[in-house]
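Here's the structure, in structure tokens; my notes come after.
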Amino acid sequence: MALCAAATAAFAQKSAVNQAQSIAKSQNADYAEARSLIKGALDNAETKNDAKTWYVAGFVEDQQFSNERTKQMLGQQPDEAKMYEALGAILPYFKKAYELDQQPNEKGKVKPRFTKDIKGILGANHVYYINGGAYYFDQKDYQKASDFFEQYLEISDLDMFKGTPTAERDSNFMTVQFYAAVAATQINNHEKAVAALQRAKGTDYRRNDIYQYLCYEYEQAKDSVGLENTLKEGMQLFPEEPYYLLSLINNYIYSNRNDEAISYLNQAIAKDQNNPQLYDVMGRVYETGLKDYAKAEEYFQKALSINPDYIESISNLGRVYYNQAVNKQGEANMINDAKQYQEELNKAKELFQKALPYFEKAHQAKPDERDYMIALRGIYYNLNMGDKFEAIEKEMNQ
Numbered sequence: 001m002a003l004c005a006a007a008t009a010a011f012a013q014k015s016a017v018n019q020a021q022s023i024a025k026s027q028n029a030d031y032a033e034a035r036s037l038i039k040g041a042l043d044n045a046e047t048k049n050d051a052k053t054w055y056v057a058g059f060v061e062d063q064q065f066s067n068e069r070t071k072q073m074l075g076q077q078p079d080e081a082k083m084y085e086a087l088g089a090i091l092p093y094f095k096k097a098y099e100l101d102q103q104p105n106e107k108g109k110v111k112p113r114f115t116k117d118i119k120g121i122l123g124a125n126h127v128y129y130i131n132g133g134a135y136y137f138d139q140k141d142y143q144k145a146s147d148f149f150e151q152y153l154e155i156s157d158l159d160m161f162k163g164t165p166t167a168e169r170d171s172n173f174m175t176v177q178f179y180a181a182v183a184a185t186q187i188n189n190h191e192k193a194v195a196a197l198q199r200a201k202g203t204d205y206r207r208n209d210i211y212q213y214l215c216y217e218y219e220q221a222k223d224s225v226g227l228e229n230t231l232k233e234g235m236q237l238f239p240e241e242p243y244y245l246l247s248l249i250n251n252y253i254y255s256n257r258n259d260e261a262i263s264y265l266n267q268a269i270a271k272d273q274n275n276p277q278l279y280d281v282m283g284r285v286y287e288t289g290l291k292d293y294a295k296a297e298e299y300f301q302k303a304l305s306i307n308p309d310y311i312e313s314i315s316n317l318g319r320v321y322y323n324q325a326v327n328k329q330g331e332a333n334m335i336n337d338a339k340q341y342q343e344e345l346n347k348a349k350e351l352f353q354k355a356l357p358y359f360e361k362a363h364q365a366k367p368d369e370r371d372y373m374i375a376l377r378g379i380y381y382n383l384n385m386g387d388k389f390e391a392i393e394k395e396m397n398q
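Residue 61 in my numbering sits at position 61 of the sequence shown, with consecutive numbering throughout.
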């Protein structure tokens with residue numbers, strides 16, 4: 001009786017597989033019912049290791065996808081959510097079905113029953129994974145967009161497609177690699193993003209963008225080694241792209257590797273001698289890193305000789321004078337001798353006076369920049385410019 005019951009249960013599950021396939025093929029298919037039937041077979045010990053069970057599970061999804069896609073081809077409005085949900089479910093089922101379909105039978109021979117259909121369906125649907133990825137990308141569902149792009153790439157790499165057009169590394173493949181990487185950067189998974197970007201950087205499609213995305217990922221993860229290596233690679237591949245050199249220099253500045261920063265800046269200046277930004281950055285290295293204010297002033301002035309309206313150097317030069325004035329003022333306050341105190345205080349005022357026109361010009365160019373207003377308030381106070389002090393105070397409190 002037990003054996004009979006087991007045989008009956010197994011027969012019932014195999015019948016459910018056939019029924020699910022039949023429902024999915026019918027004109028008014030009830031895909032929910034077909035899925036329910038096949039789910040039982042996927043969980044049943046008698047049918048879960050049968051290639052047909054997994055093939056039919058994928059077949060049900062493909063039938064719904066094809067039904068919605070046909071509407072689209074006829075100019076009707078498909079249910080895109082259902083269409084792409086079904087498409088995204090096919091591959092996992094077919095991969096398992098293919099694996100089981102390659103197993104030898106009781107006579108030790110491999111006689112695939114579903115491999116041809118699996119290849120035909122996946123090959124025909126391949127390009128639609130791009131559409132699905134784009135659909136979810138537009139929906140800002142970057143996880144699903146990433147999944148679809150990854151499925152496209154995975155299908156290309158399947159053994160069953162070796163030597164076929166589906167496996168070609170064509171323009172579609174390179175485009176999908178790029179967008180798979182971009183989608184991965186949006187899902188807050190650093191490891192996945194870096195892996196996708198590292199894969200994409202090997203193909204010649206928007207490679208410069210890929211390298212910059214990769215630098216951003218390393219920067220966010222505070223991976224200084226990965227960042228530095230990628231910046232150096234980027235410099236070699238894209239020598240005309242200033243991003244890599246300037247970012248590398250900034251990396252050296254923030255890690256107090258001033259000699260390396262200066263070395264790379266000199267290389268950059270040799271290539272582009274009329275770029276005020278390079279002289280400005282060099283000035284900041286000498287100012288903040290080496291505390292060499294004379295050299296900093298020299299480079300900021302050089303930047304302004306090229307572009308008198310370069311706002312960064314205007315404010316930076318003002319800051320060099322302002323900080324020296326504050327330091328000199330602090331030194332004066334430590335002196336007990338009245339005459340010497342006054343002499344040092346006058347030197348501080350001279351430096352405040354030198355800083356004044358630069359901060360006024362910077363404030364005029366960027367009136368909402370609070371740092372400029374704070375500096376001007378300090379200068380007006382120390383130079384006893386009461387009216388202007390009150391005016392800037394009022395402006396800051398608006």
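From the three backbone atoms N, C-alpha and C, an ideal C-beta is built for every residue, glycine too.
Asked: According to DSSP, is arginine 169 part of a helix, a strand, or is it coil?; Found: coil
Asked: If you measure between the beta carbons of tyrosine 341 and phenylalanine 359, is that distance less than 8 Å?; Found: no
Asked: Who are the Cβ neighbours of glutamate 260 in its own chain at under 8 Å, not counting the five residues just before and after it?; Found: Tyr252
Asked: Between the C-alpha atoms of isoleucine 374 and asparagine 323, what's the straight-line distance to the nearest angstrom?; Found: 13 Å
Asked: Using the Cα positions of asparagine 366 and serine 305, report the straight-line distance between them to the nearest angstrom.; Found: According to the sequence shown, residue 366 is lysine rather than asparagine. When rounded, the distance between both Cα atoms is 21 Å.
Asked: Would the beta-carbon of tyrosine 31 fall within 8 Å of that of phenylalanine 114?; Found: no
Asked: Throw me the rounded Cβ distance for the serine 224 and serine 255 pair, which I believe falls under 8 Å.; Found: 7 Å
Asked: Quick one: what's got a C-beta closer than 7 Å to tyrosine 135's C-beta in the same chain, skipping five residues either side?; Found: Glu80 and Tyr84
Asked: When the Cα of alanine 221 is compared with those of Lys232, Asn229 and His190, which residue comes out closest?; Found: His190
Asked: Measure the Cβ-Cβ separation of glutamine 185 and tyrosine 211 and say whether it is below 8 Å.; Found: Looking at the sequence provided, one finds threonine at residue 185 rather than glutamine. No, Cβ-Cβ distance for threonine 185 and tyrosine 211 is not below 8 Å.
Asked: Would you call the stretch 94 to 102 and the stretch 64 to 73 in contact, with 3 or more CB pairs under 8 Å?; Found: no
Asked: Going by DSSP in three states, isoleucine 311 sits in which element: helix, strand or coil?; Found: helix
Asked: What residue range does the alpha helix (DSSP H) around arginine 207 cover?; Found: 207 to 220
Asked: Can the beta-carbon of tyrosine 213 be found less than 8 Å from the beta-carbon of valine 176?; Found: no
Asked: Taking DSSP as the reference, what is the three-state secondary structure of serine 26?; Found: coil
Asked: Is it the case that the stretch 154 to 170 contacts the stretch 121 to 139, given that we only count it when at least three CB pairs across the two stretches are under 8 Å?; Found: yes
Asked: Please report the distance separating the alpha-carbon of aspartate 159 from that of leucine 100.; Found: 14 Å
Asked: Based on Cα-Cα distance, which residue from His126, Asp138 and Ala145 lies nearest to proline 165?; Found: His126
Asked: Going by beta-carbon coordinates alone, are glycine 88 and phenylalanine 149 separated by less than 8 Å?; Found: no
Asked: Going by other Cβ atoms of all chains shown within 10 Å of its Cβ, with 16 needed for buried, is lysine 52 buried or exposed?; Found: buried
Asked: Which value, in whole angstroms, describes the spacing of the CA atoms of alanine 195 and lysine 201?; Found: 10 Å
Asked: Among Met282, Arg319, Tyr129 and Gln64, which has the Cα closest to the Cα of lysine 361?; Found: Arg319
Asked: Can the beta-carbon of glutamine 364 be found closer than 8 Å to that of leucine 383?; Found: no
Asked: So, valine 60 versus alanine 41, is the Cβ gap smaller than 8 Å?; Found: no
Asked: Taking the runs of the alpha helix (DSSP H) that are 4 residues or longer, which of them lie wholly in the stretch 59 to 142?; Found: 80 to 101, 115 to 125 and 128 to 138
Asked: Terminal residues of the continuous alpha helix (DSSP H) containing valine 225?; Found: 224 to 237
Asked: Is alanine 338 buried or exposed, if buried means 16 or more other CB atoms sit within 10 Å of its CB?; Found: exposed
Asked: Classify threonine 8 as helix, strand or coil using the three-state DSSP reduction.; Found: Residue placement at threonine 8 is poorly supported in this model, since its pLDDT is 49, which falls under 50; the coordinates still yield a value, given next. Reduced to three states, the DSSP call for threonine 8 is helix.
Asked: Using the C-alpha atoms, what's the distance from phenylalanine 238 back to asparagine 131?; Found: 31 Å
Asked: Tell me the DSSP secondary structure of methionine 385 in three-state form.; Found: coil
Asked: Pull up the CB-CB distance for proline 276 and asparagine 307, whole angstroms please, since I reckon it's below 8 Å.; Found: 5 Å
Asked: State the CB to CB distance for the pair alanine 325 and alanine 355, rounded to an integer number of angstroms; the pair is presumed to be in contact (CB under 8 Å).; Found: 6 Å
Asked: For lysine 162, which of helix, strand or coil comes out of DSSP?; Found: coil
Asked: Here's the rule I'm using: 16 or more other beta-carbon atoms within 10 Å means buried, otherwise exposed. How should glutamine 27 be labelled?; Found: exposed
Asked: From glycine 133 to threonine 47, what distance separates their C-alpha atoms?; Found: 33 Å
Asked: Per DSSP, what kind of secondary structure is lysine 144 in: helix, strand or coil?; Found: helix
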